[in-house]
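Chemist: The structure's right below; bear with me while I get my questions together.
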Amino acid sequence: MAKKVLIVDDAAFMRMMIKDILSKNGYEVVGEAADGNQAVEKYKEFSPDLVTLDITMPEKDGIAALKEIIAHDGQAKVIMCSAMGQQSMVIDAIQSGAKDFIVKPFQADRVLEAIEKTLA
Numbered sequence: 001m002a003k004k005v006l007i008v009d010d011a012a013f014m015r016m017m018i019k020d021i022l023s024k025n026g027y028e029v030v031g032e033a034a035d036g037n038q039a040v041e042k043y044k045e046f047s048p049d050l051v052t053l054d055i056t057m058p059e060k061d062g063i064a065a066l067k068e069i070i071a072h073d074g075q076a077k078v079i080m081c082s083a084m085g086q087q088s089m090v091i092d093a094i095q096s097g098a099k100d101f102i103v104k105p106f107q108a109d110r111v112l113e114a115i116e117k118t119l120a
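Oh and the sequence shown: position 92 is 92 in full-length UniProt numbering, straight run, nothing missing.
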């Protein structure tokens, strides 16, 4: 059965890029969210196997959403997405429970490697 993924990014273009990579490689994208509040709601709604979560978003940022998702489900598998130069936020995210991170612009092989390693 295909692994279910929730994609969270405030940029529709970035969501589309990840969705394209995942769909072509046998993953099922069960939902998309554009901010941290939607991310938490959709996580509870879909219980995905994995979440890709942008760090910098309006309303509620990725770190806050990550902490809420982990509080809801201690087994949640979350991969953070960051732009270059956000190392301190990436460290904060890993300490808060993220399993890995990928850097924008996305490279398909790196995205898939992070996802396969996280789901293993």
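Glycine residues also receive a C-beta, built at the ideal position from the N, C-alpha and C atoms.
Should E32 be labelled buried (16 or more other beta-carbon atoms within 10 Å of its own) or exposed?
Modeler: Within the sequence shown, numbered from 1, the residue matching residue 32 stands at position 32. Label assigned to E32: buried.
Chemist: Does DSSP put K19 in a helix, in a strand, or in coil?
Modeler: In the sequence shown, counting from the first residue as 1, residue 19 sits at position 19. K19 falls in the helix class under three-state DSSP.
Chemist: Can D54 and G62 be called in contact, C-beta distance under 9 Å?
Modeler: Translated into positions along the sequence shown, residue 54 becomes position 54. Translated into positions along the sequence shown, residue 62 becomes position 62. Contact flag set, yes.
Chemist: Name the residue from S88, E45, P48, Q38 whose alpha carbon lies nearest to the alpha carbon of A65.
Modeler: The count along the sequence shown starts at 1 and reaches residue 65 at position 65. The option with the nearest alpha carbon to A65 is Q38.
Chemist: For the candidate residues K19, N25, P58, whose alpha-carbon lies nearest to that of A34?
Modeler: Sequence index remark: in the sequence shown, residue 34 carries index 34 (1-based). The shortest C-alpha separation from A34 is found at P58.
Chemist: Less than 7 Å between C-beta atoms, sequence neighbours within five positions excluded: which residues of the same chain meet that for I102?
Modeler: Position 102 of the sequence shown, counting from 1, holds the residue named residue 102. For I102, where only same-chain residues beyond five positions count, the Cβ hits under 7 Å are I79, C81, R110, V111, A114.
Chemist: When you compare each of G85, S96, M84 to Q75 by their alpha carbons, which one comes out closest?
Modeler: Residue mapping note: residue 75 aligns to position 75 of the sequence shown, counting from 1. Nearest option by C-alpha distance: S96.
Chemist: Spatial neighbours of A98 within its chain, please: CB distance less than 7 Å, with the 5 preceding and 5 following residues excluded, ordered by chain position.
Modeler: As a working note, residue 98 is residue 98 in the sequence shown. Here the set comprises L66, V78, I79, M80.
Chemist: For I102, write down the residues that DSSP places opposite it in a beta bridge.
Modeler: Reading the sequence shown from its first residue, position 102 is the one you call residue 102. Answer is C81.
Chemist: Residues in its own chain within less than 8 Å of M84 by CB, not counting five upstream and five downstream?
Modeler: What you label residue 84 is simply residue 84 of the sequence shown in a count that begins at 1. V103, K104, listed in sequence order.
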